[in-house]
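Here's the structure, in structure tokens; my notes come after.
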């Protein structure tokens with residue numbers, strides 16, 4: 037029998053508890069393990085099933101290097117006490133051993149954790165649920181590391197509470213941490229509101245621990261929560277059935293919400309279409325004509341126009357049957373007039389089709405009594421959860437814990453308080469340093485810096501990261517960035533470990549692109565038109581907007597000050613005057629729940645002074661993250677919008693603070709820059725149907741996307757296609773480039789007729805007007821801004837032979853170039869013999 041000394045690279049667990057520090061040597065003999073203790077030199081025999089030898093995570097060169105780097109970062113950025121102790125660095129020094137199976141081990145070794153096939157089952161949702169939240173909770177229990185992306189107003193706290201409830205029901209411990217006390221206090225308050233705060237301990241730093249210890253309360257009387265075995269079984273069975281029914285109906289609820297927004301958007305586009313296009317009269321069609329038939333008719337008319345033929349007798353005979361044409365004057369009109377009339381009819385028919393489906397869904401949900409049944413399910417789930425807590429605590433008398441107990445009796449404390457709430461920075465000193473929680477949920481993770489976040493990873497069996505990369509990250513000042521970058525450059529590490537440019541959320545996302553992610557899609561907070569801007573601009577239209585208008589306020593407004601150089605030292609008194617003297621009285625905001633946000637601290641100070649003694653809340657956008665008001669005024673301050681003000685994450689936070697009304701205050705200086713603030717203003721103008729003085733008409737994307745899909749469908753069975761391989765390749769490239777975050781505000785349509793882009797031909801010569809008005813003159817691709825539907829870039833794909841110099845097509849190309857230049861639309865040509873198309877397109881879009 038060979039005795040083995042405990043090594044730094046391993047730990048020995050007995051009955052699941054780390055006993056490494058107490059043991060001198062161990063040896064296996066048969067099915068026994070002989071353990072010799074340091075304190076008394078005695079040897080005890082344990083069955084091998086009770087023993088577990090765990091290897092250290094720090095066995096590879098990479099993991100050792102990453103941990104050494106993080107320790108250096110902690111030394112550089114950690115706060116130092118009056119006694120000279122760097123608390124953050126001290127936390128790292130106390131991490132004596134990192135098990136190879138831990139979440140931190142995976143982070144250090146850049147090895148994505150595998151799915152947990154033995155994850156605890158998900159039983160109940162006592163705080164209510166939707167489909168995204170359900171998926172997020174399920175992923176949390178079936179994976180050691182998962183991400184829940186929580187855009188504004190999508191119920192991430194509700195999701196956290198459901199994870200807590202299911203973990204506690206499975207006798208598991210949960211630590212909920214964040215970078216700030218407000219987020220964790222929010223979780224505690226919602227537990228308290230439901231009479232559940234007795235299972236949670238608000239800990240963290242010395243002051244928080246002291247507050248908790250001084251306010252310890254006895255376990256409340258839970259006798260009212262008791263159920264008989266029969267009652268519990270019956271409720272569980274009925275809830276399981278109702279859960280399945282609700283999951284199906286939630287699909288319908290989401291479809292209904294998407295339909296409502298779709299109808300609103302098509303109606304808005306139709307108003308712009310009728311304003312821009314001269315449609316002399318509507319054609320008559322059969323009553324049950326479909327939008328698909330109208331698209332097919334449009335394509336057929338184009339084919340006739342291209343061939344130069346007139347409608348023959350056969351077409352006149354078949355059109356009523358194929359396309360429902362009921363108008364004898366149909367065949368006497370010009371092709372262009374016919375196309376526009378068909379397009380106009382398409383909108384009304386499409387809206388009718390969508391409205392019919394909307395009515396069907398509303399009826400199905402009403403017949404099911406969806407709202408009542410969701411309420412019943414939530415109440416019964418809570419009843420069953422409370423019954424479980426009654427069973428757990430009914431015979432328990434909880435002791436009054438002292439500060440020493442938090443460290444000496446941490447296991448007993450967690451059995452009493454299975455939910456620990458703390459800042460990420462202080463979690464490791466909330467209880468004994470070796471405490472490992474079954475779950476650590478890191479909230480507002482985009483604002484948790486790397487060095488602090490790793491501390492939370494170090495004491496977790498499972499980690500759920502909750503945050504939103506589209507909101508503001510943790511702020512690293514220039515001095516800290518410089519210091520930490522020097523440390524980073526001294527190591528050979530993956531870019532995702534760089535402290536200066538990564539929060540814990542972005543770091544984990546960068547290291548593990550395949551990690552389970554759940555986007556909470558259902559939005560409940562803001563007026564639909566307010567959050568729809570964020571949805572289109574930042575979230576790739578993935579959100580499902582379930583909120584409704586709560587007041588009669590106009591949801592989106594822009595106030596422009598008079599032109600001038602009003603901003604001084606990041607303060608703009610003129611904008612404050614507009615807010616106090618115009619906006620508040622004109623919009624009747626004297627008694628409204630009003631918040632004013634601004635990018636700069638100087639403007640905040642001036643606003644707070646101006647509204648001193650009132651209920652108006654004024655602060656920087658960064659400080660407003662996580663808060664909300666009925667009405668938000670955004671004071672942009674700048675004479676010309678700066679990169680700081682225009683930061684996409686900052687704008688996303690600012691806009692999504694407003695529940696019912698957003699008012700944007702900008703300087704009245706002419707500004708042609710294509711930036712995020714101008715996108716917001718363009719979106720507001722488009723939604724309010726304000727006439728925008730532009731040389732180009734809107735791109736009617738609902739119309740042309742439907743046309744494009746129908747044309748591809750009709751061409752799919754033909755050998756000769758009018759959509760060439762080179763255009764298909766370019767289409768794929770454009771889609772790939774526009775999928776990037778920096779270009780997410782753009783979309784593209786294929787084969788856009790030039791004549792539909794120009795409001796009139798008054799700026800063109802007779803020859804140019806004839807060419808621009810021709811049916812065959814189109815742009816291969818038009819890239820447009822989704823928020824204002826304004827075209828921003830035309831793209832042409834030029835085949836070498838067809839477009840060669842001196843050819844007739846080359847002359848037409850020159851004419852098209854001149855026309856687009858006259859109307860101010862940039863053009864990018866890609867010869868099929870060229871290269872570097874992706875780089876050229878990205879560069880041009882960035883120049884815009």
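In my numbering, the protein residues as written are 37 to 884.
Cβ coordinates follow ideal geometry from the N, Cα and C atoms, glycine included.
From a predicted model like this one, the values you see are computed outputs, not experimental measurements.
Query, Result
"With 16 other Cβ atoms within 10 Å as the buried cut-off, status of residue 854", "exposed"
"CB of residue 107 within 8 Å of CB of residue 83, strictly", "no"
"Straight-line gap, residue 163 to residue 171 (C-alpha atoms, nearest Å)", "15 Å"
"Outcome for residue 506 when other beta-carbon atoms lying within 10 angstroms are tallied against a minimum of 16", "buried"
"Simplified DSSP state of residue 103, which is helix, strand or coil", "helix"
"Three-state class that DSSP yields for residue 53 in the structure shown", "strand"
"Range covered by the beta strand (DSSP E) that runs through residue 475", "473-478"
"Cβ pair residue 554, residue 168 closer than 8 Å", "yes"
"Start and end residues, beta strand (DSSP E) containing residue 821", "814-821"
"Residue 583 - DSSP class collapsed to helix/strand/coil", "coil"
"Ordered list of alpha helix (DSSP H) runs contained in the region 484-554, each at least 4 residues", "486-493, 514-525 and 540-547"
"Option in 289, 303, 456 and 275 with minimal Cα separation from residue 248", "456"
"Per-residue DSSP class, three states only, for residue 596", "strand"
"Element boundaries [beta strand (DSSP E), containing residue 443]", "Element bounds for residue 443: not the beta strand (DSSP E) but the alpha helix (DSSP H), 439-444."
"Buried versus exposed call for residue 74 [16 or more other C-beta atoms within 10 Å across all chains shown]", "exposed"
"Within 8 Å, strictly: CB atoms of residue 529 and residue 105", "yes"
"Segment limits, alpha helix (DSSP H) that includes residue 570", "564-574"
"Limits of the alpha helix (DSSP H) - the one that residue 658 falls within", "657-660"
"Rounded straight-line distance, which links the Cα of residue 508 to that of residue 685", "5 Å"
"For residue 8, the first and last residue of its enclosing alpha helix (DSSP H)", "Here the chain comprises residues numbered 37 to 884, so residue 8 is not present and cannot be evaluated."
"Identity of the residue in 256, 235, 215 and 257 nearest residue 241 by Cα", "215"
"Residue 665 - DSSP class collapsed to helix/strand/coil", "strand"
"Length of the line joining the Cα atoms of residue 206 and residue 665", "38 Å"
"Beta-carbon gap between residue 669 and residue 709 smaller than 8 Å", "no"
"For residue 342, the three-state DSSP class (helix, strand or coil)", "helix"
"Spatial distance of residue 527 from residue 511 (CA atoms)", "23 Å"
"DSSP state of residue 590 mapped onto helix, strand, coil", "coil"
"Local conformation of residue 607 per DSSP, three classes", "strand"
"Within 8 Å, strictly: CB atoms of residue 155 and residue 133", "no"
"Residue ranges of each beta strand (DSSP E) within the region 391-462, 3 or longer", "455-459"
"Where residue 253 falls: helix, strand or coil (DSSP)", "coil"
"Contact between the region 581-595 and the region 217-225 (3+ Cβ pairs under 8 Å)", "no"
"Buried or exposed (CB count within 10 angstroms, at least 16 for buried), residue 135", "buried"
"7 Å Cβ shell around residue 103 - same chain, five flanking residues per side excluded", "94 and 144"
"Classification of residue 651 by the beta-carbon crowding that lies within 10 angstroms, buried from 16 upward", "exposed"
"Beta-carbon proximity of residue 716 to residue 691, cut-off 8 Å", "yes"
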